[in-house]
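Undergrad:
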Amino acid sequence: MNIVTLSVLSLAMSTDAFAASITKGSTLKSPRVLSAIKLGLIFGCIEAIAPVIGWLIGSAGAEYVEAYDHWIAFVLLVGLGVHMLLESRKEDDDEDDTLTATNKRSLMATLLTAVGTSIDAMTVGISLAFMKVNIYLAAAMIGLATTVMVTIGSLLGNVISGWVGKKAEAIGGIALVLIGCGILYSHTMA
Numbered sequence: 000m001n002i003v004t005l006s007v008l009s010l011a012m013s014t015d016a017f018a019a020s021i022t023k024g025s026t027l028k029s030p031r032v033l034s035a036i037k038l039g040l041i042f043g044c045i046e047a048i049a050p051v052i053g054w055l056i057g058s059a060g061a062e063y064v065e066a067y068d069h070w071i072a073f074v075l076l077v078g079l080g081v082h083m084l085l086e087s088r089k090e091d092d093d094e095d096d097t098l099t100a101t102n103k104r105s106l107m108a109t110l111l112t113a114v115g116t117s118i119d120a121m122t123v124g125i126s127l128a129f130m131k132v133n134i135y136l137a138a139a140m141i142g143l144a145t146t147v148m149v150t151i152g153s154l155l156g157n158v159i160s161g162w163v164g165k166k167a168e169a170i171g172g173i174a175l176v177l178i179g180c181g182i183l184y185s186h187t188m189a
């Protein structure tokens with residue numbers, strides 16, 4: 000996987016956290032830069048750890064599925080991308096939204112939201128175990144992209160909360176589908 004593909008993957012992984020941060024930012028009366036950076040770092044660190052955990056899980060079984068690894072990566076990435084696309088089409092349910100608790104400035108709710116948005120990064124980490132990828136570089140790029148996107152999203156939340164959030168998640172889903180198809184194509188046509 001080259002640096003351009005890793006960059007696209009990193010941005011795709013950060014879109015759900017970006018959407019969540021826009022929602023968080025929309026609840027703040029006057030977002031502060033330091034608060035936005037702290038929120039970005041929380042999300043970014045958790046999002047960077049998740050693919051390493053997934054990679055460790057995937058590496059444990061890599062030797063058994065080496066002949067089918069590209070199909071596994073394809074199914075996981077396309078499945079996750081389609082899931083993100085479907086989620087982007089759903090209406091927000093304010094009653095069940097984990098971010099509702101963040102209105103109380105609860106660190107626990109913020110951590111749970113960050114973990115919830117990092118599940119996709121763990122799934123990608125499983126996929127990356129079947130490819131020749133420097134997982135630490137990939138994790139650092141995903142974490143950095145998420146930190147930046149969440150910081151920006153929380154600052155811009157007041158202005159663009161209803162418009163960009165779901166579109167960003169849809170774009171991330173499309174990017175994952177394209178990456179999954181690219182992996183399958185490169186392994187079956189090479």
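Everything in the sequence shown is counted per numbering that gives the first Met the number 0, starting at 0 for the first residue and increasing by one.
Just so you know, even glycine gets a beta-carbon here, dropped at the ideal spot from N, CA and C.
1) What does the alpha-carbon distance come out to for the pair Ala-174 and Val-7?
2) Identify whether Phe-42 lies in helix, strand or coil by the three-state DSSP scheme.
3) Pick from Ser-117, Ile-36, Met-121, Cys-44: whose alpha carbon is nearest that of Ala-72?
4) From Glu-86, Thr-146, Met-140, Leu-155, pick the residue whose C-alpha is nearest to that of Ala-169; which is it?
5) Would you report the Cα separation of Val-149 and Ala-137, rounded to the nearest angstrom?
6) Tell me the rounded alpha-carbon separation between Ile-36 and Leu-143.
7) Are at least three pairs of beta-carbons, each pair with one atom in the segment 124–138 and one in the segment 43–55, less than 8 Å apart?
8) Under a three-way DSSP split, which group does Lys-37 fall into?
9) DSSP state of Ala-18, grouped into three classes?
10) Between Gly-152 and Phe-17, how many whole angstroms is the CB-CB distance? I'm expecting something under 8 Å.
11) What three-state label does DSSP hand Arg-88 in the structure shown?
TA: Based on what the coordinates show:
1) For the purposes of this step, residue 174 is taken as the residue at position 175 of the sequence shown. For the purposes of this step, residue 7 is taken as the residue at position 8 of the sequence shown. Rounded to the nearest angstrom, the gap between the Cα atoms of Ala-174 and Val-7 is 7 Å.
2) For the purposes of this step, residue 42 is identified with residue 43 of the sequence shown, where counting begins at 1. Phe-42: helix per DSSP, three-state reduction.
3) The residue labelled residue 72 in the question sits at position 73 within the sequence shown. For Ala-72, the nearest C-alpha among the options comes from Met-121.
4) For the purposes of this step, residue 169 is taken as residue 170 along the sequence shown, with counting starting at 1. Each of Glu-86, Thr-146, Met-140, Leu-155 was checked against the Cα of Ala-169, and the nearest Cα belongs to Glu-86.
5) What you label residue 149 is simply residue 150 of the sequence shown in a count that begins at 1. What you label residue 137 is simply residue 138 of the sequence shown in a count that begins at 1. Computed Cα separation, rounded: 18 Å.
6) By 1-based counting over the sequence shown, the position of residue 36 is 37. By 1-based counting over the sequence shown, the position of residue 143 is 144. Cα-Cα distance, rounded: 12 Å.
7) Output reads yes: the segment 43–55 touches the segment 124–138.
8) Within the sequence shown, the letter at position 38 stands for residue 37. Shown here, Lys-37 sits in a helix according to DSSP, grouped into three states.
9) Stepping through the sequence shown from its first residue, residue 18 is reached at position 19. Three-state result, Ala-18: helix.
10) Here residue 152 refers to the residue found at position 153 when the sequence shown is read from its first residue. Here residue 17 refers to the residue found at position 18 when the sequence shown is read from its first residue. Indeed, because the Cβ distance is near 4 Å, the residues count as touching under 8 Å.
11) Within the sequence shown, numbered from 1, the residue matching residue 88 stands at position 89. In the structure shown, Arg-88 falls within a helical segment according to DSSP collapsed to helix, strand and coil.
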